[in-house]
Structure formats: structure tokens, C-alpha cells
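2 protein chains.
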Amino acid sequence: MTNRPYHHGDLPSALLAQAEQTLRDKGADQLSLRELARAIGVSPAARSRHFKTKQDLLDALAQTGFERLADAVAASQEGSGQTFAQRLDAAARAYVSFAVDNAALLELMFSAKHSPQASPALTAAAHRWWEFFLELIAAGQRSGEVRNGPLERIGLPVFAALHGYVGVVISGMLPHDLAEHGLDDVMASILHGCEPQQNPASRQPTASPRSSATGAISARPGH
Amino acid sequence: MTNRPYHHGDLPSALLAQAEQTLRDKGADQLSLRELARAIGVSPAARSRHFKTKQDLLDALAQTGFERLADAVAASQEGSGQTFAQRLDAAARAYVSFAVDNAALLELMFSAKHSPQASPALTAAAHRWWEFFLELIAAGQRSGEVRNGPLERIGLPVFAALHGYVGVVISGMLPHDLAEHGLDDVMASILHGCEPQQNPASRQPTASPRSSATGAISARPGH
DNA sequence: TCAACATTGTTGCCATTGACCACATTGTTA
DNA sequence: TAACAATGTGGTCAATGGCAACAATGTTGA
Numbered sequence: 001m002t003n004r005p006y007h008h009g010d011l012p013s014a015l016l017a018q019a020e021q022t023l024r025d026k027g028a029d030q031l032s033l034r035e036l037a038r039a040i041g042v043s044p045a046a047r048s049r050h051f052k053t054k055q056d057l058l059d060a061l062a063q064t065g066f067e068r069l070a071d072a073v074a075a076s077q078e079g080s081g082q083t084f085a086q087r088l089d090a091a092a093r094a095y096v097s098f099a100v101d102n103a104a105l106l107e108l109m110f111s112a113k114h115s116p117q118a119s120p121a122l123t124a125a126a127h128r129w130w131e132f133f134l135e136l137i138a139a140g141q142r143s144g145e146v147r148n149g150p151l152e153r154i155g156l157p158v159f160a161a162l163h164g165y166v167g168v169v170i171s172g173m174l175p176h177d178l179a180e181h182g183l184d185d186v187m188a189s190i191l192h193g194c195e196p197q198q199n200p201a202s203r204q205p206t207a208s209p210r211s212s213a214t215g216a217i218s219a220r221p222g223h
Numbered sequence: 224m225t226n227r228p229y230h231h232g233d234l235p236s237a238l239l240a241q242a243e244q245t246l247r248d249k250g251a252d253q254l255s256l257r258e259l260a261r262a263i264g265v266s267p268a269a270r271s272r273h274f275k276t277k278q279d280l281l282d283a284l285a286q287t288g289f290e291r292l293a294d295a296v297a298a299s300q301e302g303s304g305q306t307f308a309q310r311l312d313a314a315a316r317a318y319v320s321f322a323v324d325n326a327a328l329l330e331l332m333f334s335a336k337h338s339p340q341a342s343p344a345l346t347a348a349a350h351r352w353w354e355f356f357l358e359l360i361a362a363g364q365r366s367g368e369v370r371n372g373p374l375e376r377i378g379l380p381v382f383a384a385l386h387g388y389v390g391v392v393i394s395g396m397l398p399h400d401l402a403e404h405g406l407d408d409v410m411a412s413i414l415h416g417c418e419p420q421q422n423p424a425s426r427q428p429t430a431s432p433r434s435s436a437t438g439a440i441s442a443r444p445g446h
């Protein structure tokens, strides 16, 4: 310990681990490369061998985040039931749980800082996360619990609602009395939105709002 | 111009305007107070009279963002129809439009940097934005287009879905072939989720997934 | 064995940044 | 017009991210 070898052994991992700790403690923009180096006990420039720039490190951090998120959600499927609703519920709980436990990391993951020409690995990790939902939707379609249609077009509203809820929770803008039933309500709304189409003839005579709404949307001029 | 008066006249506004320009050009974390001062032609320390710290300036920027967002969405209601679906659609279009035009600003607005003890003005601005949705929901309930229930519990899924879609679009993670019908699909899903409850007897005999799902959710152990 | 070579870490340096202080200039008010 | 508040300036400081030259440690092949 007093005589640390010249070579650290696994500096990249140590950097990522310590960076995530700092992320958790003080947020992403308070992350200092030099402080990182001090905490690990290496020189400030040692980092550059593994992450050339600060953005590179943040990208790598986001990538590990996506991977762990994918793992957590995949793991949630093990103990859950087989219903689409049950599987989606388990995934949603895992997602929210991960988000609450790693708020700053999640914010970093979905920050626009990466998008333009992020590393392929980061893009791939994010893509796998998105594809999980598509597979879930597909399974729901096969079992008849989800209405038919292009996978992406059905999955997008599902993902958006969940992602939006997570964003609201993380940003701390959710009143506390809503946090309790919040996810329940979001899930119910999502499931409702996924349901196979009802027979229009069986509708209640309440002015059929949806068809007119859809018409208004897709007939929107100028788009 | 060569002889700028000692007092700028309206430095706060100039700082906010220039800051927003930089935000648009280079993102929030590339914003430099000194560069701001240089662009305006003021000494670096002049800022401190109006925004003591950098975070204060960012908070103020976020606040103006919420105000302008609220204005844009409110304005969208002028030319829209009276239906709940039409009003929500107009608001959603305005929201997405604002988000696309002010991506970095929106990211800043909903960043978790503010949450803990943000300025009351910022909190109030964000709150007004949230309340717009509640009023919209309430109107929908009065007209019978939205099912009954606590305003917040119905509004949260609506807001989450919209907010999530905006987040996906901004972060650039939306495949281009989805962007076109993306908002249409999200809106349809939201409206579907808002619909008044169907008479359970009129359901199709497809194993009634929703009721079992809801049961699974609310009966979730450990919560 | 050992001599090139690549990998990894170090030291020193630089421009930039955000915050702070004492001071200067201007506006306001009694 | 004298006191005071508001606003802007110059200078200083520690900290930061990046860079280049150098040092120590592995690796490899003759």
C-alpha cells in the first residue's frame, strides 16, 4: 500500500468506479478529473492513456450505465409472471428503481451530450435497451394482449410514457403525494393504450372522442 | 458604441440573451461566464451584481424557459379547436416544437441541478407549466372526453408520455423513421389512456389482460 | 539474454475558468 | 450637495482540462 507499484493494474475500471461514486455524490458537472486521480492515487495525466478527454470518460460511464440498466431490466424478467402486463410491470419497476438509485447516471445517459457521434459502443448499448421493449411488445402481440401494428409505433408510446415518468421522478418535480400511485397510474395508462382495439359498435355513446381526435391529428396541416 | 456608457443599461437581460445564444450553440456545460462577458463587452465580474454564481444564472435561464414554454403552449390554445383531443394535440405540438427549437434549454430546465432548493420563482414557473395540464384534464373531464378521477392521477400519465417523447426526441435517440408518426402514435396512446372506462361487459373475450395486470401491480408485494 | 518496442504512469507547463476583493463610476435621495 | 446605493472594473487566487517531454514497466523476438 505504501509502495504502490508503478502500474496501477486496472486504472480504467478504477476511474469508472470512482467517477460513478463522484457522480452519485456531487453530480456530473462537479466531476473533476484531477480529483478523480487524487482519490485513486495516480497522477492527473494518467487518465489520458485510457480516456483521452473528459467527454470520453463520461461516454464510457454512460455506456456502462446502459449495460447495467439492461442487465437490471433483464433480471427483472426472471422472477416475473408470463403475462405481458406482468412482464412490463416488472420491467418498469426495475427501470424506476434503477433510475432512483442512479439518478445522476441516468441523467448523464440520456443527456444530449453524446448523441451526435457518440462511440458506437454507447450507441449499441442504448439500442439494446430500446430493443428490449420491442421484444416485450412483440411477445404481447403474440399473446393477444397488445394490439397489432408495427412494433416501433406501438413501443414508442410505451417507452415514452415510462421514460417520461422516470424523468419526472428524477428531476424531483413529482409531488410526494403522487409518487406513491404514480407508476401504477402510468402503467395502467400504458396498458390501456396497448389494448387491442375495441369493437367500435360496443362503445358507449359518449361522442366517440378518439376517432375525431385521431383524425384531427393525422390531418394536421403542414406536417 | 465606441464610448459605451459606464452602466450597461440592462445587463441582466443582455446576460440572459447571450447565455441562451451560447446555450443554443454549444450546450450548457460549454457556457463560460467570462466568454459571456467578453461577448457583451463587460468586465467578467460585472455579472456578479445580477447573478451571483453561475448556477444562479442557469436557474434564471431555466426560469425564463419555463415562462416561454408556458406562453407558447398557452398561445397554441388560441387557434385550436375546443375538443379535449384538439386542445391536447395543439399543446403537444407546441411543446414538441418548443423542445426541438430549444433543446439545450429544455434539457437545462428539467435537469436535476435545480431541484433541491431552487429559487421559488423557478419552482413557481415549473409549477404553472404542470398546472396547465391539470386544467386541460379538468376541461376534458367536464366535456366527458376524459374519464373521472383525481386530476393529478390522470394528468401524470399524460404529462409523462408527452415529456418522455420530448426527451427521446431531444436526446436524438429516435430513429428517423419513427419521428414522423411518433407524436401521432403517442397522442393516440395518451387519448386512449384518457378515455372513460368501457363497460366491462362489452369487452372482447381476449382473456381480460388489463384487470389481471392492475391486480398484479397494486398487489405488488413490498410496496 | 537482451535489445528494441509498446504500454502505462509522471512531471511540469499552459490557458481558461469561477469566485472574490478593493476600488471606481454612476444614479438616487435626503 | 453630501451621503448612500447600485453598478461596473481591475487584479488576484486556486482549481481545472489538456498537452508534451520524460520515466518506469511490460512484451516480444532474435
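So the sequences go chain by chain: H and A. 1 is the number of the first residue of the first sequence in my numbering; add one for each residue after it. 224 is the number of the first residue of the second sequence in my numbering; add one for each residue after it. Glycine included, C-beta positions come from ideal geometry on N, C-alpha and C.
Under 8 Å from the C-beta of residue i: neighbouring residues of chain A
i, result
"H:Arg34", "Residues of chain A passing the Cβ test: none, with the nearest at roughly 17 Å."
"H:Leu178", "Glu375, Arg376, Leu379"
"H:Ala126", "Met396"
"H:Lys113", "Gly250, Asp252"
"H:Glu67", "Those do not exist, as H:Glu67 stays about 16 Å from chain A at its closest Cβ, beyond 8 Å."
Distance, residue j Cα to residue i Cα
i, j, result
"A:Asp312", "A:Ala322", "15 Å"
"A:Ser334", "H:Glu107", "8 Å"
"H:Gly182", "H:Leu174", "9 Å"
"H:Gly9", "A:Leu414", "56 Å"
"A:Ala347", "A:Ala293", "12 Å"
"A:His273", "A:Leu234", "8 Å"
"A:Leu246", "A:Leu328", "7 Å"
"A:Val409", "A:Ala315", "10 Å"
"A:Ala424", "H:His176", "In this prediction, A:Ala424 scores a pLDDT of 46, lower than 50, which makes its location untrustworthy; no coordinate-derived value is stated."
"H:Gln18", "H:Ala188", "39 Å"
"H:Arg210", "H:Leu136", "Because the pLDDT of H:Arg210 is 38, which lies under 50, any placement of that residue in the model is unreliable, and the number read from its coordinates should be weighed accordingly. Each residue's alpha carbon lies about 26 Å from the other."
"H:Val73", "A:Glu301", "43 Å"
"H:Gly155", "H:Ala45", "44 Å"
"A:Phe208", "H:His7", "Nothing can be reported for residue 208 of chain A: it is not among the residues displayed for chain A, which extend from 224 to 446."
"A:Ala260", "A:Arg270", "7 Å"
"H:Phe133", "H:Ala121", "19 Å"
"A:Trp352", "H:Lys54", "35 Å"
"A:Asn325", "A:Ala402", "17 Å"
"H:Asp25", "H:Leu31", "10 Å"
"H:Ser218", "A:Ala317", "No answer about H:Ser218 holds up, because its pLDDT of 34 lies below 50 and its placement is not dependable."
"A:Gln244", "A:Pro228", "24 Å"
"A:Arg291", "H:Arg87", "40 Å"
"H:Ala14", "H:Ala39", "10 Å"
"A:Ser320", "A:Ser342", "27 Å"
"H:Pro228", "A:Lys275", "Residue 228 of chain H lies beyond the stretch modelled for chain H, which goes from 1 to 223, so this question has no answer here."
"A:Thr287", "H:Pro196", "42 Å"
"A:Arg376", "A:Gly395", "29 Å"
"H:Ser43", "A:Ala349", "43 Å"
"H:Asp184", "A:Arg257", "47 Å"
"H:Leu58", "A:Glu354", "35 Å"
Partner residues on chain A for residue i, Cβ-Cβ distance less than 7 Å
i, result
"H:Pro157", "Ala384, Asp408, Val409, Ser412"
"H:Phe132", "In chain order: nothing, as chain A lies at least about 14 Å away."
Cβ separation of residue i and residue j, assumed to be a contact under 8 Å, to the nearest whole Å
i, j, result
"H:Phe84", "H:Gly140", "3 Å"
"H:Lys113", "A:Gly250", "7 Å"
"H:Asp56", "A:Asp252", "Not quite, the Cβ-Cβ distance comes to about 15 Å (not below 8 Å), so this is no contact."
"A:Ala283", "A:Leu239", "6 Å"
"H:Gly193", "A:Gly416", "5 Å"
"H:Met109", "H:Ala62", "5 Å"
Listed by chain order, chain A residues near residue i by CB distance under 9 Å
i, result
"H:Tyr95", "Within chain A, no residue comes near H:Tyr95; the closest Cβ sits about 12 Å away, beyond 9 Å."
Where residue i meets chain H, residues with beta-carbon distance less than 8 Å
i, result
"A:Val391", "Leu156, Phe159, Ala160, His163"
"A:Glu330", "Ser111, Ala112"
Within chain H, partners of residue i - CB distance below 7 Å
i, result
"A:Gly405", "Leu156"
"A:Leu285", "According to the sequence provided, residue 285 of chain A is Ala. The question's Leu does not apply to it. The premise fails here: A:Ala285 is roughly 11 Å from chain H at the closest Cβ pair, so nothing lies under 7 Å."
"A:Phe333", "Gly167, Ser171"
"A:Ala326", "Ala112"
- Hey, is the stretch 146-159 of chain H in contact with the stretch 364-374 of chain A, meaning 3+ C-beta pairs nearer than 8 Å? no
- Between the stretch 380-398 of chain A and the stretch 159-173 of chain H, do three or more beta carbon pairs fall short of 8 Å? yes
- Would you mind listing the alpha helix (DSSP H) stretches within the stretch 128-189 of chain H that are 4+ residues and don't spill past its ends, in chain order? Qualifying alpha helix (DSSP H) stretches, in chain order: 151-170.
- Message: Which complete alpha helix (DSSP H) runs does the stretch 287-331 of chain A hold, if anything under 4 residues is left out?
- Response: The stretch 287-331 of chain A contains, as complete alpha helix (DSSP H) runs of 4+ residues, the segments 307-324 (chain order).
- Task: Kindly provide the ranges of any beta strand (DSSP E) runs that are 3 or more residues long and lie completely inside the stretch 247-286 of chain A, ordered along the chain.
- Result: none
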